[in-house]
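Residue numbers (my numbering): 30 to 122.
Think of the CB as a built atom: it goes at the ideal place given N, C-alpha and C, for glycine as much as any other residue.
Report on the following structure.
Okay, here's the thing in structure tokens:
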């Protein structure tokens with residue numbers, strides 16, 4: 030089983046982490062796509078803590094940019110998977 034480290038926690042304690050989740054925070058994983066001619070990989074980001082009232086747009090933008098720049102180059106699945114990952118991220122990861 031793979032272990033993930035939650036990004037964007039800023040070194041908060043476990044009780045502060047639970048308080049953040051109870052107040053409406055969430056943990057989100059984004060998708061992105063990387064292609065190399067005949068190989069296309071659909072990948073997921075590490076989990077990110079989204080605090081209550083914090084915008085997800087900077088995280089979405091980062092992973093969508095990766096898909097837009099590096100995802101299109103694989104044939105035939107690159108464009109298909111790139112569009113799919115952008116749609117997934119548009120639905121908040």
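| Check | Outcome |
| --- | --- |
| Three-pair Cβ contact test at 8 Å for the region 63-71 versus the region 32-45 | no |
| One or two residues paired with residue 57 in a DSSP bridge | 77 |
| Contact under 8 Å by Cβ, residue 96 with residue 74 | no |
| For residue 32, the first and last residue of its enclosing alpha helix (DSSP H) | Per DSSP, residue 32 belongs to no alpha helix (DSSP H) and is neither H nor E. |
| Exposed unless 16 or more other CB atoms sit within 10 angstroms - verdict on residue 30 | exposed |
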